[in-house]
Amino acid sequence: MSSLGIVSPQSMHFATPLPLQSGASIRDYTLMYETYGTLNAARSNAVLVCHALNASHHVAGLYDENDPKSAGWWDNMVGPGKPLDTDRFFVVGVNNLGSCFGSTGPMHLNPDTGKPYGASFPVVTVEDWVDAQARLADVLGIVQFAAVMGGSLGGMQALAWSTRYPDRLRHCVVVASTAKLSAQNIAFNDVARQAILTDPEYHGGDFYAHATVPRNGLRVARMVGHITYLSDDDMAEKFGRELRDGKYQFGFGIDFEIESYLRYQGDKFSEYFDANTYLLITKALDYFDPAREFGGDLSLALAGTKAQFLLASFTTDWRFSPERSREIVQALLKNRRQVSYAEIDAPHGHDAFLLDDPRYMNVVRAYYDRVWLETKPQETRQQVAA
Amino acid sequence: MNFTQLQGLRPDLAFIAHWIAPSSHVLDLGCGDGVMLDYLHSDKQCSGYGIEIDDEQIPKCVARGVSVIQQDVQSGLAMLTDGSFDTVLCLSALQMMKHVEEVLREIARVGREAIVSFPNFAYWPHRVALLRGRMPVSKSLPYQWYDTPNLRCATIKDFEALANEVGLDVLECVALTEGVPIGFLPNWRGSLAVFRLKKNDALSLSAPAKA
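Quick mapping for you: the protein sequence lines, in order, are chains A and B. Basically this note's numbering = 1-based index in the first sequence + 449. Basically this note's numbering = 1-based index in the second sequence + 15.
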């Protein structure tokens, strides 16, 4: 159960065009965001939480007190007394550009054409998102975050913060993430994209005008994605070869529980997620590779960072395996950055970063306790000065 | 953490800390709760990392502000570049390792100096236990034979031979009991063997010997 209670989103409009990595730019855009806790007088206790593929600015708290399903996606991590304690920190969640949860995305009107962007929404990168988040931080009066944190794709954003805005964060918390996708990761993403692109209901991305949704494409995309979030062991444990009706049907309907589960997940996802957003976000994942402009040398890419780092990975995560986190750790060690790394032996695959493993939670809690100890004297000094 | 606090918690570490120069870059293998690095950081302005495998210890290190990498010592060392540390510590951890020789070679690769400590199997109460026909159980070897994490039993004399073989010269060797150095009959009276080692400079030391 959430302990933050009812929260509500806010929005911020930006008229100035945002230049994008692709060379394009986007103007007149809106970012949806939520904040929890109070920004202190020294403005030193802000923590930015970056979201992963299918999440949003709704990090914690409830929209409807009678509906536990309205809880934010990281409600177990963020809240009063939680590892990221909102009694201490001012936590900001931002919905990224191109998303389908309120920030400007493909379903919104392109100011140049007066029609929905659809497939013409500019391809955005992790770096573009971080630039947009930095503009929001400017407006909120946050010069330097105490920490920027994220899991999976959110971890990539945290890492990009450390290289793009080294003076604007003191700590960088990267969970179950990677500095670049593997060929296998890209392959899975492309299967998902192909499912959407080849769905006749996609209509070249302008399905809004046809009052339809490429539901089948989205379902398959989600099913493929979901397989990569779970470990083989976890799936075996949860579903095994269990049959839904106890016997083979000798047809192509649902025989096994795992089929039933994946189809349910796919159906649910296709109800709320936008197909163009899925394409955009998987491309952002594929493109992320901060070492690329340094001849593939990640330690060179991270040479300009100033933050202290916490990384965590999960042993059964085969999507972004511990090896990927170790590469980041190794690059940071080469640069003599302060870095701690927890490798949690958890059975739940990639999804473990959203779950409540006490070893994981204890490390994050201990880390934020430490961040708080550093932050507090600043606040006290400020009060004394005032 | 100041020296008095360290001495109260771990007299053996307090003794060893004297050997570490201020502002050194230190690697602590099997750093446990991070107490040594905490002290070296706050009192001697040292930097560095701990490597620790135990889940329970990681949050303790993090809470102290110690940079800790959760890895098995062997794979953890593979992440580190040659000669990147002034001092490598391996304190009361070596006896739990499977590939001792390999770890020592890696220590020599990543560090310029090393400090290694381990329970002295030749400590007299251990000898007495063996004479009575039982495996020793003591404060420094607090486990029964069937549940001990200690895979290796070594004496002060044993270790020196291996250190030389992997390219480490012994600068100092001290036997401690309750953190106090034992001058007389150290291989009998010392419960903890502590070696201060320096990477052997192959050119200046071994080449003239061959000529």
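For each residue, glycine too, the CB sits at the ideal point set by N, CA and C.
- Residue-level contact check: A:L782 touches chain B, since one or more beta carbons of chain B fall below 8 Å from its beta carbon.
- Assignment of alpha helix (DSSP H) within the region 763-800 of chain A, counting only whole runs of 4 or more residues, yields 771-783 in chain order.
- Under the Cβ criterion (8 Å, minimum of three pairs), the region 121-136 of chain B counts as touching the region 92-103 of chain B.
- In the structure shown, the three-state DSSP call for A:N503 is coil.
- Taking every protein chain shown into account, the CB of A:K564 has fewer than 16 other CB atoms within 10 angstroms, so this residue is exposed.
- Residue-level contact check: A:D805 does not touch chain B, since none of the beta carbons of chain B fall below 8 Å from its beta carbon.
- The continuous stretches of beta strand (DSSP E) do not include B:E180, which lies in the alpha helix (DSSP H) extending over residues I171 to E180.
- Under the rule that a run must span 4 or more residues, the alpha helix (DSSP H) segments found entirely inside the region 625-704 of chain A read 632-646, 664-678 and 681-687.
- Judged by DSSP secondary structure, A:H462 falls outside any alpha helix (DSSP H) and instead within the beta strand (DSSP E) spanning Q459 to F463.
- With fewer than 16 other beta carbons inside 10 angstroms of its own, B:Y161 counts as exposed.
- Membership of B:E187 in the beta strand (DSSP E) is indicated by the continuous run L183 to T192.
- Closest in C-alpha terms to B:C105, from the list B:S57, B:E71, B:V209 and B:G182, comes B:V209.
- In this structure, the alpha-carbon of A:F594 lies about 41 Å from that of A:E686.
- In the three-state scheme derived from DSSP, where H, G and I count as helix and E and B as strand, A:I455 is classed as strand.
- By the rule that beta-carbons nearer than 8 Å mark a contact, B:G126 does not touch chain A.
- For A:E514, there is no enclosing alpha helix (DSSP H), as DSSP marks it with neither H nor E.
- For A:T731, the closest of A:V778, A:G674 and A:R693 by C-alpha to C-alpha distance is A:G674.
- For B:G45 against B:I73, the beta-carbon gap comes to about 13 Å, at or over 8 Å, which does not count as contact.
- Look at B:A36 here: in three-state DSSP terms it is coil, with no helix or strand label.
- Of all residues in the region 30-50 of chain B, only H40 come within less than 9 Å of chain A when Cβ atoms are compared, listed by chain position.
- A Cβ-Cβ distance of about 4 Å is found for the pair A:A644 and A:V669, placing them in contact under the 8 Å criterion.
- Here A:T726 carries a helix assignment [DSSP, helix/strand/coil].
- In the DSSP assignment, B:K214 falls outside any alpha helix (DSSP H) and lies within the beta strand (DSSP E) extending over L207 to K214.
- Under DSSP, A:D534 takes part in a beta bridge, and its partners are A:G528.
- A:N525 does not reach chain B, its nearest Cβ partner there being about 17 Å away, counting only Cβ pairs nearer than 9 Å.
- Around the beta carbon of A:K696, fewer than 16 other beta carbons lie within 10 angstroms, which makes this residue exposed.
- Contact note: B:T96 reaches chain A through K783, using a C-beta cutoff of 7 Å and chain order.
- Look at the region 60-103 of chain B and you find these whole runs of beta strand (DSSP E), each 3 residues long or longer: 62-67 and 83-85.
- Proximity of chain B to A:N811 at the Cβ level (cut-off 7 Å) is accounted for by P74, in chain order.
- DSSP places B:R127 outside any alpha helix (DSSP H); the residue lies instead in the beta strand (DSSP E), whose first and last residues are G126 to P134.
- Here A:S505 is not near A:F538, since their CB atoms are 8 Å or more apart.
- The DSSP-derived three-state label of A:S611 is helix.
- Beta-bridge partners assigned by DSSP to A:A495: A:F539.
- Here B:I122 carries a helix assignment [DSSP, helix/strand/coil].
- The three-state reading of DSSP puts A:R619 in strand, counting E and B together.
- Counting C-beta pairs with one atom in each stretch, the region 714-734 of chain A and the region 655-670 of chain A have three or more that are closer than 8 Å, which means they touch.
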